[in-house]
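Notes follow the structure.
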């Protein structure tokens, strides 16, 4: 964090490109950055150590017997987890337990995201693993599911059949803030990652307050696990499935692994969340008139639905009625075919009623987008068509310079600002929160 800047430039990522932002006309109160630890000297050694001495668990190898059928759950293209580094190590460890390649399968936990193309799978897995181990896309609309039970909230859960055909299940992924479930990673591989569509819908409905008209549940928020109904639901599903092991990473802005959490799926994940909160939640002493945020480039700005997470976190640093400038290329477009249809509802109250009546996961994201667009002035620098951006009640801009001209026309030239170069990774919060 750098305080009291009155002039200069800073690079901001936009897709695969870097844009230079000149903030000489702004009183930048702070540049909000995560506190990245020093890079690990030997990441392979660190991963192997975490498998040998895991958190609240037997060593990785001790969970397996020769001939076991093992399913490894992995993230899709929107989440970089360092899979190319740790997956070969996991496969090698399993082979050493007497488990041949033919007994190991990989499931991409897509939730409702699009299926990965074969070349995308190979790019994630690497040529060696991709040619040796069978990999599958989870299909949320498939009937190839099994129900492990009903949660305490009365939701019957259906998960990918492969989870129950395996003798042992290993969860992998990366820990990040999640704007509804508190944190991504851990139990999220199962629900919503490997769940049937109806189960995913019921899960996301928990983001709304039980009583109609009250909007979002106050505890369904980034960085919050205690009393978060979505986290509690995922924990129940985790207890139903009982995966034998978890390996989650924490990544830096260069997409390098900075820490590894492995072991018991609940305990290792919780340790990782505490670590992530310590490094990526940034204290602020007050809110500003303008926030200039970059998602942090790919994959965080691959589409608008992914970029929305940066909007959600960045607003914490903004005064009510302030201006939020977001850089998000959105090279993959919106990210969902039905998302824009929800913006036929221009009134937040009307929108909530429609959402409760016919819930869609991306309808919830659209609802959250409209709530922010009504409370703040959002200016989006992206490759999306002008009419698409305007339909979301957001102001489009073709460059950071144009965006700032629009911002100054609203706030005037004498205003305070925060710059957030990696908004997908930073959660601003007030000191007295």
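Numbering (UniProt numbering), first residue to last: 1 to 433.
Backbone N, C-alpha and C define an ideal beta-carbon position, used for all residues, glycine too.
Backbone CA spacing between residue i and residue j [nearest angstrom]
i	j	result
residue 286	residue 426	16 Å
residue 307	residue 296	9 Å
residue 493	residue 294	Lying outside 1 to 433, the shown extent of the chain, residue 493 is not represented and no answer is given.
residue 40	residue 252	11 Å
residue 124	residue 371	35 Å
residue 389	residue 380	8 Å
residue 172	residue 410	45 Å
residue 121	residue 169	20 Å
residue 316	residue 429	6 Å
residue 32	residue 309	16 Å
residue 136	residue 374	41 Å
residue 200	residue 126	30 Å
residue 24	residue 347	38 Å
residue 150	residue 156	4 Å
residue 105	residue 325	43 Å
residue 55	residue 408	51 Å
residue 19	residue 378	19 Å
residue 420	residue 67	50 Å
residue 17	residue 37	25 Å
Option nearest residue i by Cα separation, candidates the options
i	options	result
residue 178	63, 273, 243	273
residue 220	76, 113, 230	230
residue 437	114, 33, 389, 212	There is no way to answer for residue 437, as the model of the chain reaches only from 1 to 433.
residue 331	313, 311, 300, 354	300
residue 152	114, 9, 239, 99	239
residue 85	402, 290, 258, 144	258
residue 405	114, 254, 26, 63	26
residue 206	267, 364, 377, 384	364
residue 362	422, 312, 338, 96	338
residue 29	429, 430, 415	415
residue 134	102, 165, 47	102
residue 434	333, 157, 46	Outside the displayed range of the chain (1 to 433) lies residue 434, so it cannot be described from this structure.
residue 69	92, 57, 162, 235	162
residue 174	232, 276, 92, 90	276
residue 77	387, 298, 353	298
residue 254	281, 80, 90	80
residue 91	160, 60, 368	60
residue 349	313, 182, 50, 367	367
residue 216	65, 352, 52	352
residue 260	18, 52, 20, 94	52
residue 333	384, 325, 342, 378	384
residue 166	250, 71, 245	71
residue 225	180, 56, 392, 131	180
residue 311	342, 190, 369	369
residue 302	203, 49, 195, 336	336
residue 313	38, 75, 88, 182	182
residue 99	57, 62, 193	62
Residue i CB to nearest heavy atom of the ligand FAD below 7 Å
i	result
residue 222	This structure lacks the ligand FAD, and indeed carries no ligand of any kind.
Outcome for residue i when other beta-carbon atoms lying within 10 angstroms are tallied against a minimum of 16
i	result
residue 424	buried
residue 11	exposed
residue 185	buried
residue 15	buried
residue 417	buried
residue 73	buried
residue 214	exposed
residue 42	exposed
residue 1	The pLDDT assigned to residue 1 is 48, lower than 50, so where the model puts this residue is not dependable; a value taken from the coordinates is nonetheless given after this. That one is exposed.
residue 433	Residue placement at residue 433 is poorly supported in this model, since its pLDDT is 42, which falls under 50; the coordinates still yield a value, given next. Residue 433 comes out exposed.
residue 382	buried
residue 235	buried
residue 422	buried
residue 96	exposed
residue 35	exposed
residue 291	buried
residue 58	exposed
Residues bridged to residue i (per DSSP)
i	result
residue 288	318
residue 182	178
residue 365	BP columns for residue 365 are empty, so no partner.
residue 435	In the structure as shown, the chain starts at 1 and stops at 433, and residue 435 therefore has no counterpart that could be examined.
residue 395	379
residue 262	247
residue 156	150
residue 134	105
residue 14	17
residue 22	9
residue 428	282
residue 72	106, 170
residue 145	160
residue 195	159
Neighbour flag for residue i against chain B, beta carbons, 8 Å
i	result
residue 117	Absent from the structure: chain B. Only one protein chain is present.
Check: So does the segment 396-404 actually touch the segment 315-322, counting three or more Cβ pairs closer than 8 Å?
Finding: no
Note to self: Closer than 8 Å is the cut-off here; do at least three beta carbon pairs connect the segment 101-111 with the segment 132-140?
What the structure shows: yes
Check: Does the segment 266-282 come close enough to the segment 180-194 that 3 or more CB-CB pairs lie under 8 Å?
Finding: yes
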